[in-house]
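Residues are numbered in my numbering as their position in the sequence shown, beginning at 1, plus a constant of 589.
Virtual Cβ for every residue (Gly too), placed ideally from N, Cα, C.
Note that the structure is predicted; figures quoted are calculated from it, not measured.
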Amino acid sequence: MSLPIGKTTTASMWNTGRMPATDGQRRPKRVALSEWVYDELLSRLFDDTLPPGTPLNIDALARDLDVSQTPIREALARLESTGLVTRAALRGYRAAPLLTGAELDDLMHARGVIEPAVARLAAPRRTDGFIAALGETVTRLAEAPKGPTFAEYHAYWEADETFHQLIAQHADNAFLHRAFESLGGQAQRFRMFGGLGVSDADHAIREHRAVLEALDSGDADAAGAAMQAHVDAVRGRAAAEA
């Protein structure tokens, strides 16, 4: 996990008119339509083009992106699972509110319980393929852009998310994996502090490498301790930024 600095801009910056895609936002021909729509909405949520609380009208979004309603519905359902979008009966979808400081603290406490546990389980199950995949995500973390917009730090966030997901999957405990997935807070935390780039990349990359080395050793206690140290460090940095 890593923490982008700053907070999202205020809702007063929301342009209430249409948001036509620019040339740079147009769907690449080889990218699946559903993925492009998801990425476009994700970018707007992170960059505050769709601020917290914004109603997300399916028909309006479909017209804006020049697509049918089906990929919009699919994208919103996926975003709901991340916690970035909420849905209420008779009210439809909205951009989720930002986490409060107390909610962020609760989220990091939950991750501090779950993530060291999955790391301890994953370590004795290490395989060369698992370690290689984790190593590749750490390389991506180090090489990814870390600028102020979601387009610039998207690759970093994605690699960070993948690293933790791989460990949760490799623990081979369906209940813990579902608990990890249910948090959906990684994206929310990035959104809360996004806007000025990734502030703690150097620290986070070192911490990810320490977790990787502990997992590679196969030592369950070392892996759990390394992950606990990482989560605690992120929690401290988040508190300092809040």
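Output the distance between the C-alpha atoms of residue i and residue j, rounded to the nearest integer angstrom.
| i | j | result |
| --- | --- | --- |
| L693 | L631 | 20 Å |
| Q817 | D789 | 17 Å |
| D648 | E629 | 16 Å |
| G701 | D821 | 7 Å |
| A651 | R633 | 14 Å |
| D695 | L772 | 10 Å |
| T638 | D808 | 45 Å |
| G672 | A685 | 7 Å |
| A678 | L765 | 30 Å |
| P734 | H819 | 21 Å |
| P640 | S806 | 44 Å |
| L755 | A763 | 13 Å |
Please name the residue, chosen from the options, that lies closest to residue i on a Cα-to-Cα basis.
| i | options | result |
| --- | --- | --- |
| T751 | L730, G718, E741, P640 | L730 |
| H759 | E732, T716, T728, P660 | T716 |
| W746 | A763, T728, N762, R709 | T728 |
Counting only the same chain and skipping the five closest in sequence on each side, list residues whose C-beta sits under 6 Å from that of residue i.
| i | result |
| --- | --- |
| F769 | I703, A757 |
| R824 | M697 |
| A664 | V626, Y627, L630 |
Start and end of the alpha helix (DSSP H) containing residue i?
| i | result |
| --- | --- |
| A827 | 809-830 |
| P705 | 690-711 |
| D761 | No alpha helix (DSSP H) holds D761; DSSP gives it neither H nor E. |
| P660 | 658-671 |
| T638 | From DSSP, T638 is part of no alpha helix (DSSP H); its letter is neither H nor E. |
Start and end of the beta strand (DSSP E) containing residue i?
| i | result |
| --- | --- |
| T675 | 674-677 |
What residues in its chain sit with their C-beta under 8 Å from that of residue i, if we drop five residues either side in the sequence?
| i | result |
| --- | --- |
| A814 | P705, A803 |
| E669 | T675, R676, Y682 |
| D810 | R709 |
Name the DSSP bridge partner or partners of residue i?
| i | result |
| --- | --- |
| G681 | A677 |
| P644 | R683 |
So, at 7 Å on beta carbons, what are the nonlocal neighbours of residue i in its own chain, with the 5 sequence-adjacent residues on each side left out?
| i | result |
| --- | --- |
| T611 | The pLDDT assigned to T611 is 41, lower than 50, so where the model puts this residue is not dependable, and the model offers no usable value. |
| V656 | L622, V626 |
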